[in-house]
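Presented below is the structure to which this report refers.
In our numbering, the protein residues as written are 449 to 561.
So, in structure tokens, the structure goes:
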């Protein structure tokens, strides 16, 4: 673990503003130069297919970032939660694309956000 922390510090010193370490059903570690936080994923009742879940998470995070273009830690946490939401929707359907909601279908309250 010490080696991982040292590598992360080196990456941040190179100018990287945000590091996301995704760990599937375990959650996501969000890191910037000041803070780090572990964010748990959304639990769903029935997992049908995990194909595309990581891509869905990334797309959700990028969607959130493109809405606010903010590196504030609170905004980055919100973006991770959007990624979690999209990934949770994805794994409830067969295939990588069927469960992905459109922006109009994004009901964050259904997952407690």
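Just so you know, even glycine gets a beta-carbon here, dropped at the ideal spot from N, CA and C.
Taking all protein chains shown into account, do 16 or more other C-beta atoms lie within 10 angstroms of the C-beta of residue 526, making it buried, or fewer, making it exposed? buried
Does the beta-carbon of residue 524 have 16 or more other beta-carbons within 10 angstroms, so that it is buried, or is it exposed? buried
Would you list the one or two residues that DSSP bridges to residue 484? 479.
Beta-carbon within less than 6 Å of residue 535's beta-carbon, same chain only, minus the 5 sequence neighbours each way: which residues are those? 501, 504, 505
Taking the continuous beta strand (DSSP E) assigned at residue 467, which residues delimit it? DSSP places residue 467 inside the beta strand (DSSP E), whose first and last residues are 467-470.
Presumed contact (8 Å Cβ cut-off) between residue 472 and residue 487, rounded CB distance: Approximately 13 Å separates the beta-carbon atoms of residue 472 and residue 487; this is outside 8 Å, ruling out the contact.
So the candidates are 453, 489, 458; which of them puts its Cα closest to the Cα of residue 538? 489
Measuring only the C-alpha atoms, how far is residue 480 from residue 452? 15 Å
Alpha carbons only, please: which of 483, 532, 493, 482 is nearest the one belonging to residue 470? 532
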